[in-house]
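Okay, structure first, notes after.
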Amino acid sequence: MTDSYAVIGNPIGHTKSPLIHSTFARQTGQDIEYVAIEGRTGGFREDAETFRQAGGRGMNVTAPFKLDAFAYATDLSERAQMAGAVNALKFDGEHIHAENFDGIGLVRDIVHNLGCPMQGKRVLLLGAGGAARGALLPFLRQKPAQLLVVNRTLSKAQTLVEQFKDYAEGDFSCCSYPELGDVSERFDLVINATSASLRGELPPVHTGVFAPGCLAYELAYGKGLTPFLKLAQGAGAGWLADGVGMLVEQAAEAFEWWRGVRPETATVIKSLTVPLT
Ligand code: NDP
Numbered sequence: 015m016t017d018s019y020a021v022i023g024n025p026i027g028h029t030k031s032p033l034i035h036s037t038f039a040r041q042t043g044q045d046i047e048y049v050a051i052e053g054r055t056g057g058f059r060e061d062a063e064t065f066r067q068a069g070g071r072g073m074n075v076t077a078p079f080k081l082d083a084f085a086y087a088t089d090l091s092e093r094a095q096m097a098g099a100v101n102a103l104k105f106d107g108e109h110i111h112a113e114n115f116d117g118i119g120l121v122r123d124i125v126h127n128l129g130c131p132m133q134g135k136r137v138l139l140l141g142a143g144g145a146a147r148g149a150l151l152p153f154l155r156q157k158p159a160q161l162l163v164v165n166r167t168l169s170k171a172q173t174l175v176e177q178f179k180d181y182a183e184g185d186f187s188c189c190s191y192p193e194l195g196d197v198s199e200r201f202d203l204v205i206n207a208t209s210a211s212l213r214g215e216l217p218p219v220h221t222g223v224f225a226p227g228c229l230a231y232e233l234a235y236g237k238g239l240t241p242f243l244k245l246a247q248g249a250g251a252g253w254l255a256d257g258v259g260m261l262v263e264q265a266a267e268a269f270e271w272w273r274g275v276r277p278e279t280a281t282v283i284k285s286l287t288v289p290l291t
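Residue numbering for the sequence shown follows this note's numbering, starting at 15 and increasing by one per position.
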C-alpha cells in the first residue's frame, strides 16, 4: 500500500519538498506519495487533521505553521521542545510525534558535506528567529569554543542564551549589532540565520567579523550571491554556502525517521544547487 506524506505551508508553491522526497523514495525503493498542501491561516490544526484522518503518515511543516505544529503534537522530541517549533510530524495511531530537524540538517551540511568541523571553532550566528532557535542545541552539541548570537532585537537573543546556556561548554553569549562593532574577534564560521536575504537586504554586520578563509553560510537558498555572501566574499571568506544542503539534509532526517532508511543526499543537493554568482 502506498503511504501518504505531505508538506504544509503558506505559501507553498515554491516548495522543493515533493521533489526531494520523491527522489529519496525512488532511490530507496519506498512506496510513498508526497504532496504539497497550502494550509489556511488560522486553520493549521484542521488541515493537518484532515490529512491525518485520511490516512496520512507524516508531514513536513514549513512557515508559518511551525509553532502551530508544536501546539498540535502529542509527543515532542527534546529537539522540538528546545526549539519551541516543529518541522516534521509522524502519525502513529492517536500519537502525533513531532521533531525539529532544521538544526541537525544545518549541522550535517556544515560538518559532513562542507567538511567544516565546529568543535573548538569561533562561531557567529546572526538572527534569533525560528531557524536560529532550532540550530542552537545541535550547534552547542558540536562544542564550539565560542558561539556568539547577534540579533536586531537583542532581547530575543538574550532569551535564547538564557534558555540554552546549560548546554554550552565554551563561551556562549549574545550582543546587538552596534555592540558587535566593539568585538575584536574574527569568526571561523559566520552564519546568516536572518531573513534579510529574502528581501535582498544585508544584516548590519561589518567585514571585520570574517576570519581569513572562514566559512560564510547563508540559510536562505536558491538566491545566488546574496548581499551577505557578497560581503563575506569581499571580506576574504574562504568558502561560501547557501542553505540548499540544510534543506536536503533536514528532509533526509525526516525521511529516515518515517521510513527507517537513510537516503543519499549529495546528488539531490547538486541537482538543486543554484550557483553562488
Ligand atoms: P524568522 O522570521 O523566525 O526570524 C527572522 C530573523 O531575521 C529574526 O532574528 C530577525 O530579527 C532577523 N532579521 C530580519 N530582517 C533583518 C534585517 N534586515 N537585519 C537584521 N536582522 C533581520 O525567520 P526564520 O528563522 O524562520 O528564517 C530565517 C532564514 O532561514 C530565512 O532566510 C529562511 O528562508 C531560512 N531558512 C532556511 C531553511 C533551510 O532549510 N535552508 C529552513 C528554515 C529557514 P528580529 O528578531 O529583530 O526581527
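Quick reminder that beta carbons are idealized off the backbone N, C-alpha and C, glycines included. What you are looking at is a predicted structure, and each value in this text was computed from that prediction instead of being measured.
Tell whether a beta-carbon distance below 9 Å holds between residue i and residue j.
| i | j | result |
| --- | --- | --- |
| R273 | E199 | no |
| Q160 | G141 | no |
| L216 | A207 | no |
| K80 | N114 | yes |
| G257 | L120 | yes |
| E303 | L254 | The chain is shown from 15 up to 291; residue 303 falls before or after that span and cannot be answered. |
| V275 | T42 | yes |
| A50 | I26 | yes |
| S18 | G57 | no |
| M260 | D106 | no |
| L229 | D202 | yes |
| P131 | R166 | no |
| A85 | R66 | no |
| N74 | A20 | yes |
| T240 | G214 | yes |
| D82 | I110 | no |
| A112 | A149 | no |
| G129 | K170 | no |
For the putative contact between residue i and residue j, defined by C-beta atoms under 8 Å, what is the C-beta separation to the nearest angstrom?
| i | j | result |
| --- | --- | --- |
| N283 | N127 | Note that residue 283 is Ile in the sequence shown, not Asn. Yes, I283 and N127 are in contact; Cβ-Cβ is about 7 Å, under 8 Å. |
| T291 | G248 | Rounded, the Cβ-Cβ distance is 14 Å, inconsistent with contact. |
| A246 | V204 | 7 Å |
| V223 | L194 | 7 Å |
| R147 | A99 | 7 Å |
Sort the options by Cα distance to residue i and report the nearest one.
| i | options | result |
| --- | --- | --- |
| G72 | E108, P78, A255 and R122 | E108 |
| K179 | N165, L151, Y231 and C189 | L151 |
| L103 | Q41, E267 and V164 | E267 |
| Y191 | P78, I118, D202 and V163 | V163 |
| Q133 | R122, P158 and G144 | P158 |
| H35 | T64, E278, T240 and F65 | E278 |
| R93 | H28, G195, T64 and L154 | L154 |
| A225 | P218, G252 and L243 | G252 |
| A97 | I46, R213 and I118 | I118 |
| I46 | T37, R54 and E52 | T37 |
| T76 | Y48, S31 and A68 | S31 |
| A234 | I22, T16, T29 and M15 | T29 |
| V125 | A112, Q156, G148 and L138 | Q156 |
| L212 | G238, T287, C189 and G227 | G238 |
| T64 | I22, G129, Q177 and C189 | I22 |
| T55 | A68, P78 and G143 | P78 |
| L243 | S285, A280, P289 and T281 | P289 |
| M139 | F186, T16 and G53 | Residue 139 is actually Leu in this sequence, not Met. Answer by Cα proximity: F186. |
| R122 | Q44, T16, R40 and A280 | A280 |
Can residue i be considered in contact with the ligand NDP, in the sense that its beta carbon sits closer than 8 Å to one or more heavy atoms?
| i | result |
| --- | --- |
| M96 | no |
| L290 | no |
| P217 | yes |
| A145 | yes |
| T208 | yes |
| G53 | no |
| D61 | no |
| T279 | no |
| T173 | no |
| Q264 | yes |
| G119 | yes |
| N165 | yes |
| S211 | yes |
| V258 | yes |
| K179 | no |
| A50 | no |
| A142 | yes |
| D116 | yes |
| K284 | no |
| K104 | no |
| K157 | no |
| K135 | no |
| K244 | no |
At a cut-off of 8 Å, is residue i close to the ligand ZN when judged by its beta-carbon and the heavy atoms of the ligand?
| i | result |
| --- | --- |
| M73 | This structure does not include the ligand ZN; its bound ligands are the ligand NDP. |
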